[in-house]
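Protein chains in written order, with my numbering: chain A, 1 to 323; chain B, 324 to 646. Glycine is no exception: its CB is placed at the ideal position from the N, C-alpha and C atoms. Before any comments, here is the structure.
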């Protein structure tokens, strides 16, 4: 069984063919600037899939939401202007004559880690993405848990500080507003601009990476900002652990390149904040799928659906029926 | 099918016989003061079950944790000193010659609302208890979701205020420390003792109920304390909604006797804090099982297990095998 995985993003799209063992037979990352819209980007994505030069038995597509996975249609995705109403599964099914499945990228990434990555064989686990934003996915009893309307896993938009900063979602004190890559950069920038001494004054663009580097080099302001963000991330992880009692938390996304500087404080906070024995039973590890998490996730979603023989989108196409 | 439900508490125990339609055929509430221990309380509970005068096909037992539902054994339950290691399912199976099932009381209460109460037919829902503490139970896809080690649903012990008050669990800023009945009484008491003007100065014992009554009568301090607690409860509910995307939140427990004074602010906060459309899709309602939630919960747990024909405790007894 080979799956074409398609991870559509607002700036880049990753496509590749993955087999059931997790071997990537071919892959390509192409630029898909949001401003160009689906009229330009969608044909480019389809051509990239063609050019991989491999056959496949199904297509899995991961994308930021909101989307309707039952009909395979994108809704009003913030970073994909113009795609509202595009039935992606139909487009791929008509082009490649195999079944296609669409899911939220965070759920897909969680499933990718469960099938191919650090969560193999772990039935009750959660996945955090930690990059510009903070997202999440839940695996419950070995299956993606999507809640009542496929919106479960908004880990980044739960409140950890009632009177915290405003969040782009309209609430305040959300985990994302206090611990995402964007938040780390924003908080450091605010403190530098407020006149506090810091080597970050000389940095062209303050990013989370720059904050970490400055912190490791002994910059006090950067260290405080980093430590606070990790404390807050630890609290966010602790909250999800208290609510869901997973045996494993996997954290992926750009900020996790920080390695121990991230995982050590997060683990310490979880141990401190979560009731015994829940906090002691949970393992917190980096994602194994690395930069390919979107590709593995998209493939995992299709693989999971096929293995279950259910929730197949009811799309009519003149291709081989896998079932 | 008739179930004997047994809801064991640190001060009182409720036993009753419930049929599949939710009709309570008989019930009795007896005093079981924790200090007397299982040597006195357990025979009293068994006698109360006998005195109900009804036959039944299985026993469901709900109890505060920690407990091991697989073996049917209580562990070191804080308000049940001396019960550590008591295999309750074995005791009931030997006495009544039918299968017995033990579960956490919050999961049981959630399942009681799902099968008999306000959550009938709702597959993805959560249940909050709001009394001296705050507990929770999760129904995912029509089944109790217990996480990796049966500890899921610790809604009361997730942080909503990073620098909030110390909580009895060892963490700080937990929902329970800011919105439980105990917390409402404690916060009001602190402010009264700090010398602030309030009619609560004349109250013998400041309880959550006393705070609500004073608030409704126009007492400013009481009103502030109540409003803050409801804002915090709303944030706690919002967090669980963001993480799990249930279509229904049911809140039960003593504090919910406040009615609209509780549900209206909680609904408003959820609408304000949770991303659209998640926050708009969710309904927040009072528990329907009222003071019998423990009885219905215990019965529901047994009914659910029997209906699934699985996870039967492997206890040897000379009774009829239901399977």
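Residue of 430(B), 520(B), 532(B) minimising C-alpha distance to residue 451(B): 430(B)
Simplified DSSP assignment, three categories, for residue 129(A): strand
Extent of the continuous alpha helix (DSSP H) to which residue 240(A) belongs: 220-244
Unbroken stretches of the alpha helix (DSSP H), 4 residues or longer, contained in the segment 406-478 of chain B: 411-419, 428-439
Nearest-angstrom Cα separation, counted from residue 145(A) out to residue 572(B): 17 Å
Inter-residue Cα distance where the pair is residue 320(A) and residue 75(A): Confidence at residue 320(A) is low in this model, with a pLDDT of 37, below 50, so the placement of that residue should be treated as unreliable; the coordinate-derived value is given next. Going by the C-alpha atoms only, they are around 28 Å apart.
Residue 393(B), buried or exposed, once every other Cβ within 10 Å from all chains shown has been counted against 16: exposed
Coil, strand or helix - residue 588(B) by DSSP: helix
Residue 246(A) at chain B interface by Cβ criterion, 8 Å: yes
Residue environment, residue 330(B), which counts as buried when at least 16 other CB atoms sit within 10 Å: buried
Three-state secondary structure (DSSP) of residue 28(A): strand
Residue 486(B) to residue 501(B) span [Cα, whole Å]: 12 Å
Residues of the segment 148-162 of chain A whose Cβ lies closer than 8 Å to any Cβ of chain B, in chain order: 148, 149, 150, 151, 152, 153, 154, 155, 157, 158, 159, 160, 161, 162
Residues bridged to residue 35(A) [DSSP beta-bridge criterion]: Partner(s): none; residue 35(A) has no beta bridge.
Closer than 8 Å at the beta carbon, the chain B residues around residue 124(A): 470, 471
Reference residue 301(A); option with closest CA among 12(A), 257(A), 22(A), 206(A): 22(A)
Residue 311(A) at chain B interface by Cβ criterion, 8 Å: Unreliable placement is indicated for residue 311(A), whose pLDDT of 46 sits below 50; the coordinate value is still reported in the next sentence. Chain B contact via Cβ: absent.
Candidates 629(B), 615(B), 558(B), 585(B): closest to residue 594(B) by CA position: 558(B)
Any 3 or more C-beta pairs closer than 8 Å across the segment 355-362 of chain B and the segment 374-384 of chain B: no
Near-chain A residues of the segment 598-628 of chain B (beta-carbon distance less than 7 Å), N- to C-terminal order: 598, 601, 604
Close Cβ partners of residue 187(A) (< 6 Å) along its chain, the five nearest in sequence each way excluded: 225
Burial state of residue 289(A) (16 or more Cβ within 10 Å): buried
Helix, strand or coil at residue 604(B) according to DSSP, with G and I counted as helix: helix
Interface partners of residue 86(A) on chain B, CB under 8 Å: Within chain B, no residue comes near residue 86(A); the closest Cβ sits about 20 Å away, beyond 8 Å.
Residue-level contact to chain B via CB, residue 139(A), 8 Å cutoff: no
Residue-level contact to chain A via CB, residue 525(B), 8 Å cutoff: no
Beta-carbon spacing of residue 131(A), residue 254(A) below 8 Å: yes
Cutoff 8 Å: residue 492(B) Cβ touching any chain A Cβ: yes
Residues near residue 291(A) by beta carbon distance below 8 Å, same chain, minus five either side: none
Bridge-paired residues (DSSP) for residue 60(A): 5(A), 101(A)
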